[in-house]
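Participant:
In full-length UniProt numbering, the protein residues as written are 1 to 443.
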C-alpha cells in the first residue's frame with residue numbers, strides 16, 4: 001500500500017523546515033560574520049572546523065540514541081516535537097552578535113552559538129532523515145518520498161530568497177537589527193513546520209534486527225564493512241562541499257565581482273524554482289537509467305556548469321546569461337541533492353544483509369555528519385582562499401580579492417565534483433543486487 005499524498009507532504013515540510021535553517025545559514029552566516037560583524041574569514045573557517053570535530057562525536061552518539069528510542073510516538077518522531085524548539089532558538093542566536101562586543105567576544109559568541117546550532121540540527125535532522133525508512137519498505141515508494149522531501153527542501157529557497165529583503169525591511173539601514181528579526185521569523189516558521197511533520201507522519205516499518213542492541217563499536221564495525229555506504233558518504237560529502245561553496249560564494253560573487261547585490265534574492269529565487277521543477281523528473285530518470293548512472297551524470301554536469309559562470313564573467317559579463325546558468329544549475333541540483341538520500345536506504349539493507357545489523361540511526365547520523373562536514377569544508381576552503389587573495393571588506397575589495405571570489409565560484413566546485421565522480425565509480429550495489437537482498441531479508 002502506497003503512502004498518501006497528505007503524509008508525503010507532511011514529511012516533506014519537515015525538510016522545508018530544516019532547510020529554511022540550513023540554507024539560511026549556508027547563504028548568509030559566513031557573509032554575516034565577515035561583512036557585518038567583521039570576523040576574519042579564516043577565523044570563521046576555524047569555528048566551522050571546531051563544530052565539526054564536536055559533530056564527529058555527537059552525530060554517532062545521537063544515532064545510537066535514536067536506535068534505542070522506543071516511545072508511544074515512535075522511534076524518530078519525538079525528536080521532531082521538542083528538538084524543533086531548540087533548533088529555532090539556536091538559529092536565532094547565531095545572528096544576534098552584539099555590535100558593542102570586542103572582537104574576541106564576537107568570536108567566542110559566534111563559536112558558542114554556532115556549535116549550539118550544530119548540535120540542535122543533529123538532534124532533529126538525524127531522526128527526521130531516518131524516518132523515511134520507517135514510513136515505507138518499498139524502494140520505489142521511498143524514492144517518491146525522497147522526491148517530495150527534496151521538492152520541499154527546494155521550496156525553502158523561496159523563503160531564504162526573502163531574507164535579504166526582510167533584513168532591509170526590519171533593519172531600515174541597521175543590518176544587525178535586520179538580521180535579528182529576519183532570522184527570528186525564519187526560525188519560528190521552521191519550528192511550526194516540524195510540528196506539522198510530527199503530526200502527519202506514521203512509522204510503519206520500524207525494523208528491529210536480531211542485533212538491534214548493538215554497541216557503538218559493533219555498529220561502526222558494521223559500517224566499516226559496508227562499501228556502498230562508505231563510497232556514497234564520501235561522494236555525498238564532496239558534492240555537498242561543492243554545492244555549499246557555490247551557494248555561499250554566490251553572494252560574494254554578485255556583491256563584489258558582478259557588483260549587483262540587488263540580484264541576490266532573484267538569484268536564489270530562480271535557482272529554487274528550477275530545482276523545484278527538476279524534482280519532478282528525478283524519479284522518472286532514475287527509474288529509466290538507474291540510480292548510479294543518473295547520479296554520475298548529474299555530478300559531472302553540475303561541476304562543469306561552474307566554468308560557464310567564469311566564462312561569462314570574463315567575456316560579456318551578462319546578467320541574462322548568468323541567470324540562464326543559474327536556472328540550468330538549479331535543475332541539476334535537484335539530482336545531486338536527491339540521489340544521495342534516495343540511495344542511502346539501499347545501503348542500509350545491504351549492511352543488514354551482510355552483517356545482521358540494521359543501524360538506521362547510526363547510518364543516518366554518519367550521513368548527517370557528512371552533510372555538516374561538507375559545510376565545514378566549504379567554510380574552511382572559502383576562508384582560506386579569500387584570505388590567500390587578500391579579502392578584507394573593512395579595507396576595501398581589491399581586484400585580487402575579486403579573482404579569489406571567481407576562483408571559489410568556478411574552479412573549486414568543479415574540482416570537488418570531478419573527485420566525487422571518480423569515487424562514485426567504486427559504488428558496487430546494483431539495482432539487481434539490491435532487489436535480491438530485499439528478497440532475502442523478507443524471507
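Built from N, CA and C at the ideal position, the CB exists for glycine as well.
1) What are the boundary residues of the alpha helix (DSSP H) that includes residue 164?
2) Do you know offhand how far residue 300's Cα is from residue 289's?
3) With a 10 Å radius around its C-beta and 16 neighbouring C-beta atoms as the bar for buried, classify residue 90 as buried or exposed.
4) Could you tell me whether any non-hydrogen atom of the ligand SAH is closer than 8 Å to the CB of residue 430?
5) Please list, in chain order, all residues of the same chain as residue 42 whose beta carbon is under 6 Å from its beta carbon, the five residues on each side excluded.
6) Can you find at least 3 beta carbon pairs, one from the stretch 263-283 and one from the stretch 323-337, that sit closer than 8 Å?
7) Throw me the rounded Cβ distance for the residue 459 and residue 19 pair, which I believe falls under 8 Å.
8) Bridge partners of residue 71, per DSSP?
9) Let's test the definition: count the other Cβ atoms within 10 Å of the Cβ of residue 57 and tell me whether it reaches 16, buried, or not, exposed.
10) Relative to the C-alpha of residue 25, which candidate in 378, 437, 323 and 398 has its C-alpha closest?
11) Taking all protein chains shown into account, decide if residue 436 is buried (16 or more other Cβ within 10 angstroms of its Cβ) or exposed.
12) Would you call residue 98 buried or exposed, if buried means 16 or more other Cβ atoms sit within 10 Å of its Cβ?
13) Mapping the DSSP letters down to three states, classify residue 423 as helix, strand or coil.
14) With three or more C-beta pairs closer than 8 Å as the rule, is the stretch 172-186 touching the stretch 309-320?
15) Have a look at residue 93 and residue 110 and give me their C-alpha separation to the nearest angstrom.
16) First and last residue of the alpha helix (DSSP H) that includes residue 375?
17) On the three-state DSSP scale, how would you describe residue 393?
18) Okay, do the stretch 241-248 and the stretch 344-351 touch, 3+ Cβ pairs below 8 Å being the bar?
19) How is residue 399 classed by DSSP in three states: helix, strand or coil?
20) Going by the CB atoms, is the gap between residue 385 and residue 253 shorter than 9 Å?
21) Is the CB-CB distance between residue 193 and residue 13 below 9 Å?
22) Rounded to the nearest angstrom, what separates residue 146 and residue 338 at their Cα positions?
23) Looking at residue 179: is its Cβ nearer than 9 Å to the Cβ of residue 239?
24) Below 6 Å CB to CB, which residues in the same chain sit around residue 260 once its five sequence neighbours on both sides are set aside?
25) Taking a contact to mean a Cβ-Cβ separation below 9 Å, would you say residue 401 touches residue 256 in this structure?
26) Can you list, in chain order, the residues of its chain whose CB lies under 6 Å from that of residue 219, leaving out five sequence neighbours each side?
27) Between which residues of its own chain and residue 399 is the CB-CB distance below 7 Å, once the five residues before and five after are set aside?
28) Can you name the start and end residues of the alpha helix (DSSP H) that residue 184 belongs to?
29) Any chance the stretch 119-135 sits against the stretch 420-440, with 3 or more Cβ pairs inside 8 Å?
30) Is residue 108 buried or exposed, if buried means 16 or more other CB atoms sit within 10 Å of its CB?
31) My guess is that residue 376 and residue 52 are in contact by the Cβ rule of under 8 Å, so how many angstroms apart are they, rounded?
32) Quick one: grab the DSSP three-state call for residue 98.
33) Alpha helix (DSSP H) containing residue 334: first to last residue?
Facilitator: This is what the structure gives:
1) 163-171
2) 16 Å
3) Looking at its Cβ environment, which holds 16 or more other Cβ atoms inside 10 Å, residue 90 is buried.
4) This structure does not include the ligand SAH; it has no bound ligands of any sort.
5) 383 and 387
6) yes
7) The shown model of the chain, from 1 to 443, leaves out residue 459, and the question about it has no answer.
8) 74
9) exposed
10) 378
11) exposed
12) exposed
13) When DSSP states are grouped into helix, strand and coil, residue 423 belongs to the helix group.
14) no
15) 9 Å
16) 360-388
17) coil
18) no
19) It is helical.
20) Taking 9 Å as the Cβ cut-off, residue 253 and residue 385 do not qualify as a contacting pair.
21) Yes.
22) 7 Å
23) For residue 179 and residue 239, no; Cβs fall outside 9 Å.
24) 254
25) yes
26) 359 and 362
27) none
28) 175-200
29) no
30) It is exposed - the Cβ of residue 108 has fewer than 16 other Cβ atoms within 10 Å.
31) 4 Å
32) coil
33) 319-355
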